[in-house]
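Enquirer: Add 1 to the 1-based position in the sequence shown for this note's numbering, that's all there is to it. Take this structure first; my questions come after.
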Amino acid sequence: MRARIFLVPLAILGYLLSAATSVSAQYDSAIDDVFQDIATDVAKVLIIDTTPVEIDGVSYTMAEAQVVATYKGAVSGTILLQVEGGLRADGHQVVVSDQPFLSAHDELEVALVRSPTQNARHAVPEVDGAVYSIVGGLGGVSPVTGELVSQADAVGDFGLTGARFAEFPSDFYVNPANSGVDANATVNAVRSALQTWEDDLGSDIDFTYQGTTAATGSLSDEKNTIYWTATPNPATTYLAQASWITTQTGDIIGFDVVFNRDYAWSAGAASGRFDIATVMLHESGHALGLAHVPASSEIMYFQIQSGAAKGLGAGDRAGVAFLYPAASQDPARVAAAQDVIDGFHAFAATTNSYAAIGGGWNGSGQSWFSIANGSSFPNSIANVLDNADAFPNGKPTEPSGRDFFIRLCANRVGVFTHTDTATSNPADTTWWNNNNCTNPGNNNYSHLTLSNPTP
2 MRARIFLVPL
12 AILGYLLSAA
22 TSVSAQYDSA
32 IDDVFQDIAT
42 DVAKVLIIDT
52 TPVEIDGVSY
62 TMAEAQVVAT
72 YKGAVSGTIL
82 LQVEGGLRAD
92 GHQVVVSDQP
102 FLSAHDELEV
112 ALVRSPTQNA
122 RHAVPEVDGA
132 VYSIVGGLGG
142 VSPVTGELVS
152 QADAVGDFGL
162 TGARFAEFPS
172 DFYVNPANSG
182 VDANATVNAV
192 RSALQTWEDD
202 LGSDIDFTYQ
212 GTTAATGSLS
222 DEKNTIYWTA
232 TPNPATTYLA
242 QASWITTQTG
252 DIIGFDVVFN
262 RDYAWSAGAA
272 SGRFDIATVM
282 LHESGHALGL
292 AHVPASSEIM
302 YFQIQSGAAK
312 GLGAGDRAGV
322 AFLYPAASQD
332 PARVAAAQDV
342 IDGFHAFAAT
352 TNSYAAIGGG
362 WNGSGQSWFS
372 IANGSSFPNS
382 IANVLDNADA
392 FPNGKPTEPS
402 GRDFFIRLCA
412 NRVGVFTHTD
422 TATSNPADTT
432 WWNNNNCTNP
442 GNNNYSHLTL
452 SNPTP
């Protein structure tokens, strides 16, 4: 039987904070005034039936609805509601993050505009009615009775959509055109977001970047694509939107993420703009199987602020650890190694040198200290790594006075040192190079000591 619990309210809605005009002095709707103002019609409807269709290769659900009451505009009679996402002919389900799940007998208040694809009515010829889109997706709907969508069970401080990847790695492509940001910076921001999920030590996630593309995304093209697009339909108010295909057993077999060009974007926190990496981190969380949560500390919180960058919260980590548990779940080792990675990321955020720390040995050669901006974090790196069993032969040692350089790449820690005697393990060097990890070039760092894969 096809699971439906993964159809949950997943939108990041771009809320416009302008003053709103009341739709009617006699009518008080639970729908946000922003969406009511955009709408040409606001009405109470009863869903009669739903039909999955494909139009120009895009999956939709067409819901036949009877207008029960009209609060704005002149909509009446029987209409069709066109909602993105639905069941494909091959039995796979297309899920779109900001769209409601509609089913027969639902009684709803809806904010509507005429759909720009009126030819969609021919997909349901037995219904003689105009085709409407719901303004703001999930934000433009309010249930009169019952629940709007089938909610996944929340576990602790994370929520599940009911879908998950059956296997990794998952390849992805980026189309940086129209982001309003330098192409390289756009690609790096997207890659950084997906790398953040990979770097979580309690889970086993693997995304593989396959390069840029000129494609603007189609779930049927079998390419996982991140891209920017214009949204001529006034019903479209989302900030960004993830869509994915699932099998009848809930396995995710493909995803796309589309960013709305109507908003201003940035690579990093910038006033009045939305950080690409933060929004991508949220949307890819949906693609991984995480739903919205009410805690603002989590990346899966249902709203994202402009002018701010945000990382994973404890609930986000718990969610993916539940869905994709790492091979090693020794809590102490995971926590210790995660401290190292979090420290690298914090250091990188303040120095603009991603995941890199330089420093030197002290006189005894038994502990490390930092010479970078007076940071105290590296003081404990050696002990944390050793306690986490990262180096099976113990902490790397060098003669007194020799310096070192550390980089984190693909969940392994590389320690580069100056030495005239030690030789790098060829397997370590090969692994480092094959994963496109960065070497401290032209600095005569001749010896690489590579940690075990982090848990």
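Where is the CB? At the ideal position from N, CA and C, for every residue including glycine. None of the values given here were measured: they were computed from a predicted structure.
Run through DSSP, which three-state label would E127 get?
Expert: In this structure, E127 counts as coil in the three-state DSSP scheme.
Enquirer: Three-state secondary structure (DSSP) at S134?
Expert: S134: strand per DSSP, three-state reduction.
Enquirer: Tell me whether T430 sits in a helix, a strand or coil according to DSSP, three-state version.
Expert: T430: helix per DSSP, three-state reduction.
Enquirer: Over the uninterrupted beta strand (DSSP E) stretch that includes T247, give me the two end residues.
Expert: That run of the beta strand (DSSP E) goes Y239 to T247.
Enquirer: Just to check my reading of the structure: L82 and I135 have Cβ atoms closer than 8 angstroms, yes? What is that Cβ distance to the nearest angstrom?
Expert: Going by Cβ atoms, the distance from L82 to I135 rounds to 6 angstroms, so yes, they are a contact pair.
Enquirer: Tell me, to the nearest whole angstrom, how far the beta carbon of S143 is from that of I246; I am working on the premise that it is less than 8 angstroms.
Expert: In fact, because the Cβ distance is near 29 angstroms, the residues do not count as touching under 8 angstroms.
Enquirer: If you follow the beta strand (DSSP E) that H62 is in, where does it begin and where does it stop?
Expert: The identity of residue 62 in the sequence shown is Thr, whereas the question assumes His. Run containing T62: V59 to K73, per the beta strand (DSSP E) assignment.
Enquirer: In terms of residue numbering, what span does the beta strand (DSSP E) encompassing F173 cover?
Expert: Here the beta strand (DSSP E) through F173 covers S171 to V175.
Enquirer: Which one of T431, G255 and H293 has the shortest CA to CA distance from A167?
Expert: Nearest C-alpha to A167: G255.
Enquirer: Could you check which residue in L240, N234, Q67 and N436 has the C-alpha nearest to that of V128?
Expert: Taking only the C-alpha atoms, the option nearest V128 is Q67.
Enquirer: The alpha helix (DSSP H) that contains Q196, what's its start and end?
Expert: Residues A184 to D200.
Enquirer: Count the other CB atoms within 10 Å of the CB of N225; is the residue buried (16 or more) or exposed (fewer)?
Expert: By the neighbour-count rule (16 or more Cβ atoms within 10 Å), N225 is buried.
Enquirer: Taking the C-alpha atoms as reference points, what is the distance between M63 and G78?
Expert: C-alpha separation (whole angstroms): 16 angstroms.
Enquirer: Could you tell me whether the segment 291 to 299 touches the segment 312 to 320, where touching means 3 or more Cβ pairs closer than 8 angstroms?
Expert: Yes: the two stretches touch, three or more of their Cβ pairs being nearer than 8 angstroms.
Enquirer: Is it the case that the Cβ atoms of T209 and D172 are separated by a distance below 8 angstroms?
Expert: Result yes, Cβ atoms of T209 and D172 sit closer than 8 angstroms.
Enquirer: So for N437, helix, strand or coil by DSSP?
Expert: N437: coil per DSSP, three-state reduction.
Enquirer: Please work out which residues of its chain come closer than 6 angstroms, Cβ to Cβ, to W229, disregarding the five sequence neighbours upstream and downstream, and give them in chain order.
Expert: Only N179, S180, F260 and R262 meet the Cβ criterion.
Enquirer: Which residues mark the beginning and the end of the beta strand (DSSP E) in which A320 is found?
Expert: Position check: residue 320 holds Gly in this sequence, whereas Ala was assumed. First-last for G320: A315 to L324, but that is the alpha helix (DSSP H), not the beta strand (DSSP E).
Enquirer: How far does the beta strand (DSSP E) with G255 in it extend, from its first residue to its last?
Expert: Segment D252 to N261, the beta strand (DSSP E) holding G255.
Enquirer: Between the C-alpha atoms of C438 and C410, what's the straight-line distance to the nearest angstrom?
Expert: Their backbone Cα atoms lie some 6 angstroms apart in a straight line.
Enquirer: Along the chain, where does the alpha helix (DSSP H) containing I39 start, and where does it finish?
Expert: It spans D34 to I39 - the alpha helix (DSSP H) in which I39 sits, taken as one unbroken run.
Enquirer: In angstroms, rounded to a whole number, what distance separates the CA positions of V59 and H123?
Expert: Approximately 15 angstroms, taken between the alpha carbons.
Enquirer: Whose C-alpha, out of A231, S307, T248 and D252, is nearest the C-alpha of S267?
Expert: Of the listed residues, the one whose Cα sits closest to S267 is S307.
Enquirer: Please state whether DSSP places S267 in a helix, a strand or coil.
Expert: Strand.
Enquirer: Between the Cα of G212 and the Cα atoms of P177, D201 and I49, which residue gives the shortest distance?
Expert: G212 has its Cα closest to that of P177, out of P177, D201 and I49.
Enquirer: Between L324 and G251, what straight-line distance do the alpha-carbon atoms span, to the nearest angstrom?
Expert: Going by the C-alpha atoms only, they are around 12 angstroms apart.
Enquirer: For T431, does the count of other Cβ atoms within 10 angstroms reach 16, so buried, or fall short, so exposed?
Expert: The residue in question, T431, is exposed, as its Cβ has fewer than 16 Cβ neighbours within 10 Å.
Enquirer: I'd like to confirm the pairing. Which residues does DSSP put opposite T226 in its beta bridges?
Expert: In DSSP, T226 forms a bridge with Y174 and D257.
Enquirer: Could you tell me the distance, in whole angstroms, from the CA atom of V95 to the CA atom of T118?
Expert: Cα-Cα distance, rounded: 19 angstroms.
Enquirer: Quick check on N436: buried or exposed, where buried means 16 or more other Cβ atoms within 10 Å of its Cβ?
Expert: Looking at its Cβ environment, which holds fewer than 16 other Cβ atoms inside 10 Å, N436 is exposed.
Enquirer: Buried or exposed: which applies to N434, given that a residue is buried once 16 or more other Cβ atoms fall within 10 Å of its Cβ?
Expert: Flag for N434 reads exposed.
Enquirer: Identify, in the order they occur along the chain, each residue of the same chain with its Cβ nearer than 7 angstroms to the Cβ of D201, setting aside the five sequence neighbours on each side.
Expert: Excluding positions up to five away in sequence, the list reads L313, R318 and V321.
Enquirer: Could you give the DSSP three-state label for V96: helix, strand or coil?
Expert: Three-state result, V96: strand.
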